[in-house]
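Letter by letter, the sequence shown follows residues 31 to 307 in my numbering.
These notes are about the structure you will find just below.
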Amino acid sequence: MGILGAAPARSGKRPESVESRRITEFVAAVNAGTDGAMRQFIEKNFSPAALARMPVEPRLRRLRGFAEESAPLQMKKPLAPSPEGPGFVAHSQKTGEWFEIRMELERGAARGIVSILIENSDESAMEPEAALRGDTDVSRAADAYLAKLAGQDRFSGVVLLARGGEPFFEKAYGLADRERKTANTPATRFNIGSINKIFTQVAIAQLVSEGKLALTDTIRARLPDYPSGAGPSPAADGITILQLVNMLRARGRLQREVRRGRPAAPDAGGLPPALRG
Numbered sequence: 031m032g033i034l035g036a037a038p039a040r041s042g043k044r045p046e047s048v049e050s051r052r053i054t055e056f057v058a059a060v061n062a063g064t065d066g067a068m069r070q071f072i073e074k075n076f077s078p079a080a081l082a083r084m085p086v087e088p089r090l091r092r093l094r095g096f097a098e099e100s101a102p103l104q105m106k107k108p109l110a111p112s113p114e115g116p117g118f119v120a121h122s123q124k125t126g127e128w129f130e131i132r133m134e135l136e137r138g139a140a141r142g143i144v145s146i147l148i149e150n151s152d153e154s155a156m157e158p159e160a161a162l163r164g165d166t167d168v169s170r171a172a173d174a175y176l177a178k179l180a181g182q183d184r185f186s187g188v189v190l191l192a193r194g195g196e197p198f199f200e201k202a203y204g205l206a207d208r209e210r211k212t213a214n215t216p217a218t219r220f221n222i223g224s225i226n227k228i229f230t231q232v233a234i235a236q237l238v239s240e241g242k243l244a245l246t247d248t249i250r251a252r253l254p255d256y257p258s259g260a261g262p263s264p265a266a267d268g269i270t271i272l273q274l275v276n277m278l279r280a281r282g283r284l285q286r287e288v289r290r291g292r293p294a295a296p297d298a299g300g301l302p303p304a305l306r307g
């Protein structure tokens with residue numbers, strides 16, 4: 031009997047996951063230390079929505095700075111995976127510093143990088159991570175970690191953890207007023223300025239990655255009943271979500287009123303239903 035075909039032998043090696051590949055290519059690009067390698071990593075691995083929010087060049091400058099200070103890196107161990115994405119402990123062979131590096135990946139099959147968080151750490155990061163078996167364990171671990179950061183003057187604020195909409199941990203750390211030595215409390219009010227803008231940008235990036243809107247959509251495309259007056263509104267028909275996210279455009283009347291020093295609070299009755307409180 032003739033043999034018509036044979037199945038290829040199995041190597042036994044599991045295919046590399048997208049998450050592992052993102053980490054491997056990050057370390058390779060940093061250790062290569064060239065603009066070409068780092069630019070290729072950014073263009074290939076970051077999600078389109080992330081690159082729309084922050085283009086390649088500013089990301090390249092940040093990555094170049096980290097590489098110049100810390101490369102070559104040695105990847106020491108993976109961190110416990112989180113829903114947002116993978117992480118790992120790295121050791122700088124140049125400076126001896128330790129880092130915990132985490133990636134936030136977009137949802138869906140593509141799993142493009144949304145952001146990379148690099149935090150200073152120490153050799154204790156190599157110690158086995160304790161298993162967290164419930165909210166009590168999570169609270170204890172969070173408190174120990176945050177207290178350590180606060181003791182190093184690397185964190186000051188209030189942290190709240192919740193599951194299913196129900197808070198199970200809330201605690202304040204650090205000082206609200208350094209001169210008066212006033213401690214933060216859960217009731218402390220913080221002047222966050224424009225920090226809230228990044229939350230809006232992240233939320234929009236998530237909607238883009240889920241295909242629920244496009245950065246090229248105009249105000250009119252998403253708010254069809256936006257007030258137009260007697261004719262088409264150039265603001266509603268011409269301003270895109272990308273321009274709003276990058277703060278490149280605004281409603282003309284609002285800009286004019288602010289320039290003249292007048293309050294520009296709109297009449298709620300004149301807003302479309304989607305924007306009324």
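Glycine included, C-beta positions come from ideal geometry on N, C-alpha and C.
Contacts around residue i, its chain only, beta-carbon distance under 6 Å, and the 5 residues preceding and following it disregarded
i           : result
residue 146 : 133
residue 114 : 134
residue 190 : 197 and 200
residue 177 : none
Length of the line joining the Cα atoms of residue i and residue j
i           : j           : result
residue 197 : residue 171 : 16 Å
residue 120 : residue 253 : 46 Å
residue 175 : residue 250 : 46 Å
residue 58  : residue 123 : 14 Å
residue 112 : residue 138 : 15 Å
residue 64  : residue 70  : 10 Å
residue 167 : residue 136 : 28 Å
residue 285 : residue 265 : Note that residue 285 scores a pLDDT of 46, beneath 50, so its modelled location is shaky and nothing firm can be said.
residue 150 : residue 126 : 11 Å
residue 98  : residue 76  : 21 Å
residue 223 : residue 46  : 42 Å
residue 208 : residue 194 : 35 Å
residue 85  : residue 256 : 30 Å
residue 68  : residue 211 : 44 Å
residue 48  : residue 55  : 11 Å
residue 288 : residue 277 : Only weak support exists for where residue 288 lies, its pLDDT of 41 falling under 50; the value from the coordinates is given anyway. The straight-line gap from Cα to Cα measures roughly 15 Å.
residue 215 : residue 228 : 24 Å
residue 220 : residue 226 : 12 Å
residue 231 : residue 87  : 19 Å
8 Å Cβ shell around residue i - same chain, five flanking residues per side excluded
i           : result
residue 218 : 188, 202 and 206
residue 260 : Per-residue confidence for residue 260 stands at a pLDDT of 47, beneath the threshold of 50, marking its modelled position as unreliable; the derived number appears in the next sentence. Around residue 260: no qualifying Cβ.
residue 96  : 60 and 148
residue 74  : 55
Three-state class that DSSP yields for residue i in the structure shown
i           : result
residue 64  : coil
residue 37  : Interpretation of residue 37 is limited by its pLDDT of 43, a score under 50 that renders its predicted location unreliable; the figure taken from the coordinates is listed afterwards. In this structure, residue 37 counts as coil in the three-state DSSP scheme.
residue 296 : Low confidence applies here, because residue 296 scores a pLDDT of 43, under 50, leaving its location unreliable and the question unanswered by this model.
Same chain, Cβ closer than 7 Å to residue i, five either side skipped, listed in chain order
i           : result
residue 156 : 106, 107 and 119
residue 179 : 185
residue 130 : 109, 117, 119, 149, 151 and 155
8 Å contact criterion, which residue i and residue j should meet: CB distance rounded
i           : j           : result
residue 102 : residue 61  : 5 Å
residue 235 : residue 80  : 6 Å
residue 82  : residue 245 : 5 Å
residue 143 : residue 52  : 6 Å
residue 159 : residue 128 : Actually they do not touch by this definition, with Cβ atoms about 15 Å apart.
Of all the alpha helix (DSSP H) runs that stay within the bounds of the stretch 86-160, which reach a length of 4 or more residues?
86-100
Complete beta strand (DSSP E) runs within the stretch 168-250 (minimum length 3 residues, chain order):
187-193, 196-203 and 205-207
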